[in-house]
Structure formats: structure tokens, C-alpha cells
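FYI, the working numbering numbers position 64 of the sequence shown as 297, with every residue one higher than the one before it.
From the three backbone atoms N, C-alpha and C, an ideal C-beta is built for every residue, glycine too.
Keep in mind the model is a prediction, meaning the values are calculated, not measured.
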Amino acid sequence: MRRMILTSSLLLALSASAHAGQIYKWVDAQGVTHFGEQPPQGQQSTTVNPSAAPPPATTTESKPTPPPTFDSIADPEQAAADAKVKKEVAAQEAERKKYCETQRNNLAQLENNPRVRVEEGGEMRRLGEDERQKRIADSKQAIKENCQ
């Protein structure tokens with residue numbers, strides 16, 4: 234099998250170079266340049282040796298400079314304000330993750346336990362099925378809106 238693949242690939246490579254014939258170039262009476270595989274009858278022609286296309290030139294264009302980042306701002310007041318905003322965003326993100334974890338735990342409890350008891354006004358009471366389904370739907374909606 235290997236020998237057959239090697240032989241066929243060698244023949245394919247050689248057939249491409251054998252097929253490449255001469256190309257002739259000539260100018261007719263109207264001044265139009267023509268190219269062909271056979272020289273014209275009664276006109277002078279030159280042989281053209283086609284070469285492979287040159288590789289694309291690598292460009293040394295400079296890439297546009299990126300906009301300045303918060304770290305590169307020279308104004309210390311602005312840098313302090315940016316740091317404060319980053320800290321607040323990080324705190325909000327941590328709070329959101331904690332909220333999502335709590336909502337997922339509540340949803341799991343509501344879905345897995347048909348007899349759910351809640352404390353209201355210091356007393357424990359059992360949720361009815363309709364109320365349990367409503368809380369499941371509310372938890373799913375809260376997770377969809379805030380946690381994904």
C-alpha cells in the first residue's frame with residue numbers, strides 16, 4: 234500500500250512538470266500582445282518562461298496603538314477613582330455570586346422536597362403545592378436573570 238502511494242505521488246509530481254510547455258508571446262498588427270502555446274505563423278514571437286508566483290511580501294506596517302489603559306493614566310486622582318470603581322465592581326460581583334449560590338440551593342431544596350416548611354412570624358408552617366411551585370418558578374426566574 235505504501236509503495237503504491239509513493240509511486241502515484243511521484244508520478245503526479247512528474248506529470249505536472251512534464252505538462253508545462255513553452256509559452257509564446259507576440260504582438261499583432263494592431264499592437265495587441267498575445268500569448269499562446271503555439272507560435273503564430275508568419276510572425277516573430279518570443280518564448281516566455283513562466284515562473285512560480287513570488288511569495289507575498291511581508292508588510293512591516295505598524296499596528297495601531299491601543300487606547301490607554303486605566304493603569305497607564307498619569308492623573309493620580311483619576312487612578313484612585315478607577316481603583317475605587319474596580320473595588321466596588323469586585324465587591325458587587327462577589328455579592329452576586331453569593332446570591333446565585335443561595336438561589337440555586339433554595340431551588341434544589343424546593344424541587345427535591347415536596348413538604349417544605351417556612352418560618353413566618355416566629356411560627357413554622359408548611360407550604361402548599363401551589364405556593365411551592367410559585368417559589369420554584371420565582372427562583373428559576375431569579376437565576377435566569379442574575380446568574381447566567
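Around the C-beta of residue i, are 16 or more other C-beta atoms found within 10 angstroms, so that it is buried, or is it exposed?
| i | result |
| --- | --- |
| valine 349 | buried |
| serine 372 | buried |
Anyone know if the C-beta pair for residue i and residue j falls short of 7 Å?
| i | j | result |
| --- | --- | --- |
| tyrosine 257 | glycine 275 | no |
| alanine 375 | glutamine 311 | no |
| threonine 280 | glutamine 255 | yes |
Which residue wins for smallest C-alpha separation from residue i, given the options the options?
| i | options | result |
| --- | --- | --- |
| glutamine 342 | Arg368, Thr298, Val318 | Arg368 |
| cysteine 380 | Ala327, Val265, Pro289 | Ala327 |
Could you tell me the alpha carbon to alpha carbon distance between residue i and residue j, rounded to whole angstroms?
| i | j | result |
| --- | --- | --- |
| glutamate 321 | tyrosine 332 | 16 Å |
| threonine 266 | proline 289 | 27 Å |
| leucine 360 | glutamate 344 | 13 Å |
| proline 272 | glutamine 263 | 18 Å |
| glutamine 325 | alanine 314 | 17 Å |
| glutamate 356 | leucine 340 | 22 Å |
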